[in-house]
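Residues in the sequence shown are numbered from 1371 upward in steps of one, following the working numbering.
From the three backbone atoms N, C-alpha and C, an ideal C-beta is built for every residue, glycine too.
Each remark here refers to the structure printed beneath this line.
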Amino acid sequence: MSDSGISISPRFNGAATLTARSAEIQARVDNAMKRMNDHFERCEPALTQSRYRDLLTKQGNAPELKPSHAHENPQERMMKAARQWVRFDHLNRLNKIRNVGERMIGKDRVLER
């Protein structure tokens, strides 16, 4: 049996070189991100509705002023925008958690002193 066709992925190599502290931090970051995703799944409708109300107050009630031949529903468009905005905020929060974890591990700075 030849090992020439088998290659180890960079992700596996990265996981194999983690120290105990780095592995613990990575596990904590993964746990925090999982909890954040679970919380987001539960609260996404309420957050979207809140963002939709904010958009309505900023836009006013002008969506009724559309031509009769328009097929686009302004309420649906604004609800999609609110949903996208909420998901974008969620991704920003996840990126902040990931960046803090990487700083704790020391990936973005050289620790040679």
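Residue i versus residue j: straight-line alpha-carbon distance, rounded
i, j, result
"R1421", "F1458", "12 Å"
"T1389", "K1428", "50 Å"
"M1403", "G1384", "20 Å"
"N1469", "V1399", "10 Å"
"H1441", "I1376", "55 Å"
"R1405", "R1412", "11 Å"
"A1386", "E1446", "48 Å"
Residues near residue i in its chain [Cβ-Cβ closer than 7 Å; skip 5 each side]
i, result
"H1460", "F1410"
Closest Cα partner of residue i within the set the options
i, options, result
"Q1454", "S1392, E1414 and I1376", "E1414"
"L1464", "Q1445, N1401 and R1412", "N1401"
Residues near residue i in its chain [Cβ-Cβ closer than 6 Å; skip 5 each side]
i, result
"L1425", "M1448 and A1452"
"L1417", "V1456"
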